[in-house]
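In our numbering, the protein residues as written are 591 to 1031.
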């Protein structure tokens, strides 16, 4: 056991930024046969605990973030009855949570919602909206997009409800977060296997599965809390109806608003494309898909900015490999368009020229790069590896290199573990073609 603890100490040095990964594991390799003996179950358990600790190194941060997120979600549900069908972080609330704004780029419209007394009339609604839009202290994107003259036909007064549809929306946000955190676990596993090749994949995979089960338990607990909240609110409204209604105002955004934003950030894509030798159309298509060219976009993970960078995975990788800074990126950095596009482009380059470099056909490698940007190279490898070291992308490349790009694309669409990644691959691939023709901008 002392020998094993010594090995753990050596491994921990190898994982630190002060150690060299070239020779630290030489001594460890000599111990692997003893380690893998069936008589060493306790040692295996301790090793899994060690690797799990590495994979979950930002769990404290994640839990603190979710505690704040869930508290805010609880307050929103109490007042509004729902968190909106959109990602909660893409909706901007006032400090008192009495108003919220959303730019819906999918439908090219802006939405303002205000909590008003339940007896508010249509005429009063127009006055409330006119006053709200005229305020100058908050020149938000929504206010800039909307006419100052309120159009009565675009006003709705909606009852506050706590029904199953609202409850479903709140649960979907939680499920989306869990899926994102599972992806983060996969990304960290990829990094561990790529940088520390002597760690057995079986140990990494078991540790990842344990972490994912923990995430699923947390999801179940969070969903149970939401269900209990909605049940209590439904019972309360049977006795005391809500004292507010939702005043909703919707208006179309100006024509070509997406292409105007694309033009604004295209110079950043062109600069970083040349620097990192990646297609401009790829950078533009990912910006389009990740944020619709919103520099302040924030997802429920959370990921930030134009290319939706997670500070502690992609952000940390780029800091370490490109900027030689061994720490996660700061949120304020990722809200700076030039830094965000530099980071996203650098990460695409890392995927293309490091993780996926063994894939010889450029188009096949492009498809794999798009998928890996969303879910990690390990999950891409698993599509093509049927046995053994399934997370090994070099092994998968031997299979990929026997296939046509169309066959690679179809295999990814059929076998990637998450539907979200399949949709992402399809969406980005189509948008690359759009930006290659330059018709979008």
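Backbone N, C-alpha and C define an ideal beta-carbon position, used for all residues, glycine too.
None of these values were measured; they are calculated from a predicted model.
Taking the C-alpha atoms as reference points, what is the distance between residue 669 and residue 765?
The straight-line gap separating the alpha-carbon atoms of residue 669 and residue 765 is approximately 22 Å.
Identity of the residue in 745, 790, 843 and 811 nearest residue 660 by Cα:
Distances from the CA of residue 660 to each of 745, 790, 843 and 811 were compared; the closest alpha carbon is that of 811.
What number of angstroms, rounded off, separates the C-alpha of residue 689 from the C-alpha of residue 823?
Rounded to the nearest angstrom, the two C-alpha atoms are 21 Å apart.
If I measure Cβ to Cβ from residue 783 and keep anything under 8 Å in the same chain, skipping five residues before and after, which residues do I get?
Apart from sequence neighbours up to five positions away, the residues of its chain that approach residue 783 with a beta-carbon distance below 8 Å are 789, 791, 794, 968, 981 and 982, ordered along the chain.
Give the secondary structure of residue 834 by DSSP, where H, G and I count as helix, E and B as strand, and everything else as coil.
The answer is strand: DSSP assigns residue 834 an E or B state.
Test item: CB-CB of residue 759 and residue 672 under 7 Å:
Yes. Within cutoff.
Which whole-angstrom value describes the C-beta separation of residue 1003 and residue 1017, a residue pair presumed to lie in contact below a C-beta threshold of 8 Å?
Wrong, their Cβ atoms sit about 12 Å apart, outside the cutoff.
Span separating the alpha-carbon of residue 951 from that of residue 767:
When the Cα atoms are used, residue 951 and residue 767 turn out to be separated by approximately 34 Å.
Reducing DSSP to helix, strand and coil, say where residue 748 ends up.
Residue 748: strand per DSSP, three-state reduction.
Segment limits, beta strand (DSSP E) that includes residue 690:
Residue range 689 to 694 is occupied by the beta strand (DSSP E) that includes residue 690.
Where the beta strand (DSSP E) containing residue 705 begins and where it ends:
First-last of the beta strand (DSSP E) with residue 705: 699 to 707.
Could you spell out the range, first to last residue, of the alpha helix (DSSP H) harbouring residue 916?
Per DSSP, residue 916 belongs to no alpha helix (DSSP H) and is neither H nor E.
For residue 842, the three-state DSSP class (helix, strand or coil):
When DSSP states are grouped into helix, strand and coil, residue 842 belongs to the strand group.
For residue 970, I'd like the list of residues in its chain whose CB is within less than 6 Å of its CB, leaving aside the five on either flank, ordered along the chain.
Same-chain partners within the cutoff: 958, 961 and 962.
For residue 591, I'd like the list of residues in its chain whose CB is within less than 7 Å of its CB, leaving aside the five on either flank, ordered along the chain.
Model confidence at residue 591 stands at a pLDDT of 41, short of 50, so the residue's coordinates are unreliable and nothing is read from them.
In chain order, what residues of the same chain have a beta carbon less than 8 Å from the beta carbon of residue 881, not counting five sequence neighbours either side?
Same-chain partners within the cutoff: 887, 895, 896, 897 and 898.
Mind checking residue 831: buried by the 16 CB within 10 Å criterion, or exposed?
Residue 831 should be labelled exposed.
How long is the line joining the alpha carbons of residue 711 and residue 740, rounded to whole angstroms?
One C-alpha to the other measures close to 15 Å.
Tell me whether the segment 704 to 722 and the segment 799 to 816 touch, counting them as touching only if at least three CB pairs, one residue from each stretch, are closer than 8 Å.
Contact fails: fewer than three Cβ-Cβ distances are below 8 Å.
Per DSSP, the bridge partner or partners of residue 899
Answer by DSSP bridge pairing, in chain order: 894.
How is residue 600 classed by DSSP in three states: helix, strand or coil?
At residue 600, the pLDDT of 37 sits below 50, so the modelled position is not reliable and the matter cannot be decided from this model.
Inter-stretch contact (C-beta, 8 Å, three-pair minimum) for the segment 687 to 702 and the segment 835 to 850:
Touching, yes, given that three or more Cβ pairs across the two stretches are closer than 8 Å.
For residue 683, which of helix, strand or coil comes out of DSSP?
Residue 683: strand per DSSP, three-state reduction.
In terms of alpha-carbon separation, which member of 875, 974 and 861 lies closest to residue 1014?
Ranking 875, 974 and 861 by Cα distance to residue 1014 puts 875 first.
Quick one: what does DSSP say residue 888 is sitting in, helix, strand or coil?
Strand.
Skipping 5 residues on each side, what residues in its chain have a beta carbon closer than 6 Å to that of residue 629?
Unreliable positioning characterises residue 629 in this predicted model, as indicated by a pLDDT of 47, which lies under 50. The coordinate reading is nonetheless provided below. No residues qualify anywhere along the chain.
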